[in-house]
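Asker:
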Amino acid sequence: MASTFLRVSRPLRQAAHYVKATTGITGLEVHPNPLPALQSTFKETLSLLEAIPSSSVYRQGVEAITNHKLKVVENSQGDVKAVENQLGEGQIEEVLQVAKIELNLVGKMIEWKAWEPLQDKPPAAQWEYFKSSHASS
């Protein structure tokens, strides 16, 4: 009986300690501990978003998406595969890469003050070609 238990449990123990050797994506290294890094990046993004007015559509969108992803990570109980499956955005290293890019973009949006009105008003008919081409279809 003990012998059967050991044969059955050995693959489970091995799977629990599985660490992938490569992402299979050139230039994207395997992260040794991606979930804490992802959680930290999401929290940093949310903190930085507070510098953007709450009426900004960009802030509202990024905040909603980031909060959702953060909850997925926090509720995963350390299961990387579960996070990958729930987010559906590829490998966890890809998710982390995108999160870092978004964090960088938030900083740029703050620098550019993208929520402020344009300095120069656009010409009145600037977007008219969309209306005319759409009407003829």
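The opening residue of the sequence shown carries number 5 in the working numbering; numbering runs sequentially from there. For each residue, glycine too, the CB sits at the ideal point set by N, CA and C.
1. Give me the Cβ distance between residue 36 and residue 100, rounded to the nearest whole Å; I'm assuming they're in contact under 8 Å.
2. For residue 61, count the other beta carbons within 10 Å of its own beta carbon; 16 or more makes it buried, fewer makes it exposed. Which is it?
3. What is the rounded straight-line gap between the Cα of residue 97 and the Cα of residue 125?
4. Note down, in chain order, each residue of its chain lying with its Cβ closer than 8 Å to the Cβ of residue 77, except the 5 sequence neighbours on either side.
5. Just curious, the alpha helix (DSSP H) that residue 70 is in, first and last residue?
6. Does the Cβ-Cβ distance between residue 114 and residue 68 come in under 7 Å?
Answerer: With the given structure in hand:
1. Taking the first residue of the sequence shown as position 1, residue 36 is located at position 32. Taking the first residue of the sequence shown as position 1, residue 100 is located at position 96. That belief does not hold up - the Cβ atoms of residue 36 and residue 100 are roughly 12 Å apart, past 8 Å.
2. As a working mapping, residue 61 is identified with position 57 in the sequence shown. Under this definition residue 61 is an exposed residue.
3. What you label residue 97 is simply residue 93 of the sequence shown in a count that begins at 1. What you label residue 125 is simply residue 121 of the sequence shown in a count that begins at 1. When rounded, the distance between both Cα atoms is 42 Å.
4. Within the sequence shown, numbered from 1, the residue matching residue 77 stands at position 73. Closer than 8 Å at Cβ, skipping near neighbours: 39, 42, 43, 46, 87.
5. Sequence index remark: in the sequence shown, residue 70 carries index 66 (1-based). That run of the alpha helix (DSSP H) goes 61 to 78.
6. What you label residue 114 is simply residue 110 of the sequence shown in a count that begins at 1. What you label residue 68 is simply residue 64 of the sequence shown in a count that begins at 1. Cβ distance not < 7 Å, so residue 114 and residue 68 don't count as in contact.
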